[in-house]
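Quick note on numbering: our numbering labels position 220 of the sequence shown as 217, and the sequence is numbered without any gaps.
For every residue, glycine included, the Cβ atom is placed at its ideal position computed from N, Cα and C.
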Amino acid sequence: MTGLAFITFLVFALILQAAWLALSALRDREAATPLAQRVTAYTDIVWENKGPNAASIRRRDRYSRLGWLDGVVRRFDVADSLSIKLLRAGVALRAGEFVFIQLVTTTLAGLAAFLLVPGVMGGVGPALAAAVLGFFGPLAWLRLKRAQRLKRFEHDLPDALDLISSSLRAGYGVVHGFDIVARENGGPCGEEFGQVVQEVTLGAELDAALARINDRVESEDAQLLATAVAVQRRTGGNLVDVLTQMARVLRERQRLRREVQVITTAPRVSGYVVGLLPVLLMVGMYFLSRYYVEMLFAEPIGKLALVVSGVLVIIGVTLNRRIASVEM
């Protein structure tokens, strides 16, 4: 009973810490003012113009609001890449806070599986499997958020280019057109163009500010825009025609992508079914007839069958995804 009480206390403490970090991140995001955003843009420009020590200077930022967690995360090089992923996903969390959430989900998933499925391998096997899922679950969610943000950015970019073209036709400058997009578009596209306006206002080069959009979003369309504007500024030409033609090309690419998604719907759905059906069948069999499932984990031939079938399922799902995916 003492051990169970300790585990309960530990889980409760982890949940409280995670809730506090989430509320702190939400409060910081709501309290962000235009002045704070301009200061952030200015510090980005300063770091960009630093020498080879810029990375070490920037790494001194706190990775977490918890001092002990910041010290732990700082020891690993993965913190910087994780910070970039959080930035690209538009998640208002620091790297250390995200790692702490992974720790919470891993602990809760493993403990839940250990308590709910005690008959299979003494509960250790299901606990380890659930802990692995709990660890990679937040990473999958982060990848999904990044994909959603990228999709919305690329969806809104042609309309943003039309707004900029209209601004140029009216006699305004290109930066003013970016500012219109920032005010009219409330999604990732408006956020990124607003960041460009702030950086240019603080003295950054327009070409460099546009190039940094691709660093924050990692989009081929953003890279194409930065290249087109840079070439036009160096060689001259009608920027209105360039942006109008680019918007037309991007809309055509989006139309082709939608057609490809419709065509490949059946292979993608079948891949999901192939991957999930064995797991669902095993879970159902465990609750209907636990004895047969426990034999797979107790006998050597059963363990071998589980490993071989798991590898074959992973290979099949991977091949199906490769076949159904079309690069555009």
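Asp204 versus Ala89, Val193, Gly281, residue with shortest Cα-Cα distance:
For Asp204, the nearest C-alpha among the options comes from Val193.
Where in the region 234 to 298 do unbroken runs of the alpha helix (DSSP H), each at least 4 residues long, occur, reported from the N-terminal end onward?
Annotation note: the region 234 to 298 contains the following uninterrupted alpha helix (DSSP H) runs of length 4 or greater, listed N- to C-terminal: 236 to 260, 262 to 285, 287 to 295.
For Val194, three-class secondary structure by DSSP
In this structure, Val194 counts as helix in the three-state DSSP scheme.
In chain order, what residues of the same chain lie with their CB nearer than 8 Å to the CB of Ile161, ignoring the 5 residues before and after it?
Here the set comprises Val171, Gly174, Phe175, Ile177, Val178, Leu240.
Start and end residues, alpha helix (DSSP H) containing Asn211
Segment 203 to 214, the alpha helix (DSSP H) holding Asn211.
Note down the Cα distance separating Asn317 from Val305, rounded to an integer number of angstroms.
Cα to Cα, Asn317 sits roughly 18 Å from Val305.
Whole angstroms is fine: what's the gap from Tyr288's alpha carbon to Leu105's?
Spanning the two alpha carbons is a distance of roughly 26 Å.
Top-ranked residue by Cα proximity to Val266, from Ser322, Gly87, Val290:
Ranking the options by Cα distance to Val266, first place goes to Ser322.
Burial state of Ser164 (16 or more Cβ within 10 Å)
So Ser164 counts as buried.
Alpha carbon to alpha carbon, how far is Asn211 from Phe95?
If I take the Cα positions, the gap works out to 23 Å.
Euclidean distance between Cα positions of Met243 and Pro135
Approximately 36 Å, taken between the alpha carbons.
I'd like the list of long-range same chain contacts for Lys82, defined as Cβ closer than 7 Å, with 5 residues on each side in sequence excluded.
Contacts found: Leu139, Arg143.
Gly122 to Arg85 span [Cα, whole Å]:
Rounded to whole angstroms, Gly122 to Arg85 spans 35 Å at the Cα level.
Val171 - containing alpha helix (DSSP H), residue span
Counting along the chain, Val171 sits inside the alpha helix (DSSP H) bounded by residues 171 to 181.
Would you give the residue range spanned by the alpha helix (DSSP H) that Arg149 belongs to?
Residues 121 to 166.
Three-state secondary structure assigned by DSSP to Leu90:
Coil, per DSSP.
Leu222 - containing alpha helix (DSSP H), residue span:
Counting along the chain, Leu222 sits inside the alpha helix (DSSP H) bounded by residues 217 to 232.
Taking the alpha-carbon positions, what's the Phe150 to Phe190 distance?
For Phe150 and Phe190, the gap between their C-alpha atoms comes out near 11 Å.
CA nearest to the CA of Lys148, picked from Val197, Pro264, Glu196, Val214:
Nearest to Lys148 by C-alpha distance, out of Val197, Pro264, Glu196, Val214, is Val214.
Comparing C-alpha positions only, which one of Ala263, Cys186, Gly168, Gly131 sits nearest to Asp153?
If we check each option's Cα against that of Asp153, Cys186 comes out closest.
For Met279, tell me which candidate among Ile98, Val114, Val75 has the shortest Cα-Cα distance.
The shortest Cα separation from Met279 among Ile98, Val114, Val75 belongs to Val114.
In chain order, what residues of the same chain have a beta carbon less than 8 Å from the beta carbon of Val271, not counting five sequence neighbours either side?
Cβ neighbours of Val271 within its own chain (closer than 8 Å, five residues either side excluded): Val310, Gly313, Val314, Asn317.
Give the C-beta separation of Gly87 and Arg166 to the nearest angstrom, bearing in mind that I take them to be a contact with Cβ-Cβ under 8 Å.
In fact, because the Cβ distance is near 32 Å, the residues do not count as touching under 8 Å.
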